[in-house]
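In what follows, a single structure is set out as C-alpha coordinates and then discussed.
Residue numbers (the UniProt record's numbering): 1 to 87.
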(Lines of atoms letter the chains of each structure in order from A; the text may use other names.)
(Lines give C-alpha, C1' and ligand atoms only; values in the text may rest on other atoms or scores of the structure.)
Protein backbone atom coordinates (compact mmCIF):
# COMPACT_ATOMS: atom_id res chain seq x y z
CA UNK A 1 0.00 0.00 0.00
CA UNK A 2 1.17 3.51 -0.78
CA UNK A 3 2.53 5.63 2.05
CA UNK A 4 2.90 9.04 0.41
CA UNK A 5 0.08 11.51 0.57
CA UNK A 6 0.25 12.17 -3.17
CA UNK A 7 0.21 8.45 -3.95
CA UNK A 8 -2.92 7.96 -1.83
CA UNK A 9 -4.58 10.86 -3.64
CA UNK A 10 -3.56 9.38 -7.00
CA UNK A 11 -5.17 6.05 -6.02
CA UNK A 12 -8.44 7.83 -5.17
CA UNK A 13 -8.38 9.88 -8.37
CA UNK A 14 -7.65 6.82 -10.53
CA UNK A 15 -10.59 4.94 -9.04
CA UNK A 16 -12.93 7.87 -9.67
CA UNK A 17 -11.77 8.15 -13.28
CA UNK A 18 -12.01 4.38 -13.79
CA UNK A 19 -15.64 4.36 -12.68
CA UNK A 20 -16.50 7.37 -14.84
CA UNK A 21 -14.80 5.81 -17.89
CA UNK A 22 -16.58 2.51 -17.31
CA UNK A 23 -19.96 4.27 -17.06
CA UNK A 24 -19.39 6.26 -20.27
CA UNK A 25 -18.16 3.19 -22.16
CA UNK A 26 -21.13 1.08 -21.04
CA UNK A 27 -23.59 3.86 -21.91
CA UNK A 28 -22.11 4.15 -25.39
CA UNK A 29 -22.39 0.40 -25.92
CA UNK A 30 -26.06 0.57 -24.89
CA UNK A 31 -26.71 3.33 -27.42
CA UNK A 32 -24.96 1.29 -30.13
CA UNK A 33 -27.21 -1.67 -29.34
CA UNK A 34 -30.25 0.61 -29.46
CA UNK A 35 -29.14 1.94 -32.85
CA UNK A 36 -28.65 -1.54 -34.31
CA UNK A 37 -32.15 -2.59 -33.19
CA UNK A 38 -33.84 0.51 -34.65
CA UNK A 39 -35.87 0.01 -37.83
CA UNK A 40 -37.04 3.62 -38.30
CA UNK A 41 -34.68 5.70 -40.45
CA UNK A 42 -35.45 9.06 -38.80
CA UNK A 43 -34.86 7.73 -35.30
CA UNK A 44 -31.71 5.94 -36.44
CA UNK A 45 -30.22 9.14 -37.87
CA UNK A 46 -30.77 10.99 -34.58
CA UNK A 47 -29.35 8.16 -32.49
CA UNK A 48 -26.38 7.88 -34.88
CA UNK A 49 -25.49 11.53 -34.25
CA UNK A 50 -25.49 10.90 -30.51
CA UNK A 51 -23.50 7.66 -30.79
CA UNK A 52 -20.98 9.24 -33.12
CA UNK A 53 -20.38 12.05 -30.66
CA UNK A 54 -20.04 9.59 -27.77
CA UNK A 55 -17.52 7.47 -29.67
CA UNK A 56 -15.47 10.56 -30.53
CA UNK A 57 -15.47 11.57 -26.87
CA UNK A 58 -14.31 8.11 -25.77
CA UNK A 59 -11.52 8.17 -28.35
CA UNK A 60 -10.47 11.68 -27.33
CA UNK A 61 -10.12 10.56 -23.70
CA UNK A 62 -8.26 7.37 -24.73
CA UNK A 63 -10.96 5.13 -23.28
CA UNK A 64 -11.07 3.41 -26.67
CA UNK A 65 -8.61 3.61 -29.55
CA UNK A 66 -9.34 6.30 -32.15
CA UNK A 67 -9.33 3.76 -34.97
CA UNK A 68 -11.80 1.56 -33.11
CA UNK A 69 -14.10 4.56 -32.80
CA UNK A 70 -13.68 5.27 -36.50
CA UNK A 71 -14.42 1.66 -37.46
CA UNK A 72 -17.53 1.55 -35.28
CA UNK A 73 -18.83 4.83 -36.69
CA UNK A 74 -18.29 3.53 -40.21
CA UNK A 75 -20.14 0.27 -39.55
CA UNK A 76 -23.00 2.08 -37.84
CA UNK A 77 -23.26 4.53 -40.74
CA UNK A 78 -23.67 1.57 -43.08
CA UNK A 79 -26.44 0.22 -40.84
CA UNK A 80 -28.24 3.57 -40.87
CA UNK A 81 -27.85 3.98 -44.65
CA UNK A 82 -29.18 0.50 -45.30
CA UNK A 83 -32.45 1.43 -43.57
CA UNK A 84 -33.42 3.79 -46.40
CA UNK A 85 -33.28 0.92 -48.91
CA UNK A 86 -35.47 -1.29 -46.73
CA UNK A 87 -38.03 1.42 -45.96
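Just so you know, even glycine gets a beta-carbon here, dropped at the ideal spot from N, CA and C. Treat the numbers as computed from the prediction; the structure is a model and nothing was measured.
**Euclidean distance between Cα positions of residue 28 and residue 40** = 20 angstroms
**Message:** Are the CB atoms of residue 44 and residue 83 within a distance shorter than 8 angstroms?
**Reply:** yes
**Request:** Verify whether the separation of the beta carbon atoms of residue 48 and residue 35 is less than 8 angstroms.
**Result:** yes
**Message:** To the nearest angstrom, how far is the alpha carbon of residue 24 from that of residue 30?
**Reply:** 10 angstroms
**Message:** With H, G and I counted as helix, E and B as strand and the rest as coil, what does DSSP make of residue 64?
**Reply:** coil
**Asked** Looking at the unbroken alpha helix (DSSP H) that takes in residue 3, where does it start and where does it end?
**Response** Premise fails: residue 3 is in no alpha helix (DSSP H) and is neither H nor E.
**Prompt:** Are there 16 or more other CB atoms within 10 angstroms of the CB of residue 76, so buried, or fewer, so exposed?
**Reply:** buried
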